[in-house]
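Okay, structure first, notes after.
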Amino acid sequence: MELIRRARDNDPWAADQLVRRYQKKVYGIAYQLCGFDPEEARDTAQEALLQVFRNLGQFEGRSRFSTWLHRIAVNACLDARRRRKRWFRMILPRRTAGHDEGDPEDPLDNIPAPEDGMDPVSSLSSAELKRDVMGALRGLSEHQRTVFQLKVFQEMSIPEIAVATGMAEGTVKSHLFRATQSVRKKLHQWVDR
Amino acid sequence: MEKACRNHNETLMMDVLGELHDPRMRREWEQHLKACDGCRIEQARMCQLLGKVREVGMPPELSTTQVDAMAGAVGWRLRNERLARPQKTGWRLRLVPALAAACALLVVVAFGYRFRDRWTGPEGGGEISAELHAEDLDIIKHLDLLKDMDTIEKLVHVVDIDLPPNGEAPDQAAPETQGMHRNDTGKAYT
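Chains as they are written, first to last, in our numbering: chain L, 121 to 313; chain P, 833 to 1022.
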């Protein structure tokens, strides 16, 4: 709390400490909500952290700081994703017509060289899983994907998702149900492997 | 392999997503699971599947360089934003520009008042223009008199030209002096 108070009073050291403490968490949120692209996630995390500091004056201490930060970071990532989507639509209208997540690269193209002691088969398998999960997520509508990602990756409750996305709770529930059904259908071959 | 019951599909989803909060529904669902192998297997499969999806969502570890770069970039941008933002100052310091603005306004108003006649038309003239107009009106009022004076001056001039050097009167009066009589000196007409 002392660190937050000092950061609010424009203490650069306190701000730096807060960034270092929470940047991995924010980076994780950005990675999961921005198409599993590490570079994009780093940029988005940076924006989200700035957003956190810009809104630090509004933190009243009613909830835990990590909860408050999580909410701000999720909203910042969703905003960044919307902006990115708009940008892609503007510059690549044809290309993004069928792929609204805007990550045209095949993850199999970017498999890193296996490190010492790492099983190359398992590395390939995880890249394939990533490709299929990304494919399954791309097959969802924008609302369904957002709701599903917030639920599965961020473990947010339906009311929390409703607040973050501005949808009604019933709508969130409906999107979540349909998204889970769709993902189950597309990834059924990965079960019992 | 046994299939999950269709009528329990939504409850199954809510359960694996951790959204089955109603105690009565949960109790009924758990009782159903004990009796239904298909739903129990599907529940396990779904949990496994969501586990795999979460596995994909695990971000790669940030290197020390990346951690430092991100922290540095955020700090730098925060400093820049603070510098760009107008500083909050005390009321005394804020009073200075307000007073300066008020003084400037007073000077403009005073200047405008002093030279207002220059910028107003003849209709809206002040005292000075009124005085000037009074002089003009006086001239116009006495214009007839001035005409008479002019006529008299002309006559005097004509008479002076017409008089011969010896001082004798001409036999026939000039047209301008017909009907007029010479005065005692014989130089002017009355």
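No residue lacks a Cβ here, since even glycine has one placed at the ideal position from N, Cα and C.
- In this structure, DSSP gives L894 of chain P a state outside helix and strand, which the three-state scheme calls coil.
- If you draw a straight line from the Cα of D854 of chain P to the Cα of W861 of chain P, it comes to about 10 Å.
- With the rule of 3 Cβ pairs closer than 8 Å, the stretch 861–875 of chain P does not count as touching the stretch 283–301 of chain L.
- Residue environment for A903 of chain P: buried (at least 16 other C-beta atoms within 10 angstroms of its C-beta).
- Per DSSP, the continuous alpha helix (DSSP H) segment holding C879 of chain P begins and ends at D869 to V888.
- From the listed residues L:I281, L:I278, L:R174 and L:I149, the smallest Cα separation to R886 of chain P is found for L:I149.
- Of all residues in the stretch 269–290 of chain L, those with a C-beta nearer than 9 Å to a C-beta of chain P are Q269, K271, V272, F273, E275, S277 and I278, reading in chain order.
- DSSP, read as helix, strand or coil, puts E275 of chain L in coil.
- In the DSSP annotation of this structure, N130 of chain L is not part of any alpha helix (DSSP H), being labelled neither H nor E.
- Here A903 of chain P carries a helix assignment [DSSP, helix/strand/coil].
- Closest in alpha carbon position to R162 of chain L, among P:K979, P:E967, P:V899 and P:E874, is P:V899.
- At least one CB of chain P lies nearer than 8 Å to the CB of F156 of chain L.
- Within 10 angstroms of the beta-carbon of E167 of chain L lie 16 or more other beta-carbons, which makes it buried.
- For the stretch 901–919 of chain P, the beta-carbon criterion of a distance under 8 Å to any beta-carbon of chain L is satisfied by M902, A903, A905, V906, G907, R909, L910, R911, E913 and R914.
- In the displayed model, S183 of chain L falls within coil according to three-state DSSP, outside both helix and strand.
- At a cut-off of 8 Å, the C-beta of E842 of chain P has a neighbouring C-beta in chain L.
- Relative to the Cα of R872 of chain P, the nearest Cα in the group P:A901, P:E851 and P:N841 belongs to P:N841.
- For F179 of chain L, no CB of chain P lies under 8 Å from its own CB, so it is not counted at the interface with that chain.
- Scanning L:K293, L:P158 and L:D129 for the CA closest to the CA of P891 of chain P turns up L:P158.
- Under the 8 Å criterion on CB atoms, N195 of chain L is classed as non-interfacial with respect to chain P.
- The C-alpha of V888 of chain P lies about 18 Å from the C-alpha of C197 of chain L.
- If you check the CB distance, G177 of chain L and R128 of chain L come in under 8 Å.
- D136 of chain L and R182 of chain L have their C-alpha atoms roughly 23 Å apart.
- Between K250 of chain L and H190 of chain L, the alpha-carbon positions lie close to 25 Å from each other.
- Distance between V267 of chain L and L931 of chain P, taken at the CA atoms: about 56 Å.
- A straight-line Cα-Cα distance of about 41 Å links D199 of chain L and K835 of chain P.
- Interface with chain P (8 Å Cβ-Cβ cutoff): R162 of chain L is included.
- DSSP, read as helix, strand or coil, puts K835 of chain P in coil.
- Interface flag for R304 of chain L against chain P is set, since a Cβ pair is found closer than 8 Å.
- For N175 of chain L, the secondary structure class from DSSP, reduced to helix, strand or coil, is coil.
- The C-alpha of A966 of chain P lies about 36 Å from the C-alpha of L937 of chain P.
- Look at G870 of chain P: its C-beta is not under 8 Å from any C-beta on chain L.
- Distance between C837 of chain P and S294 of chain L, taken at the CA atoms: about 19 Å.
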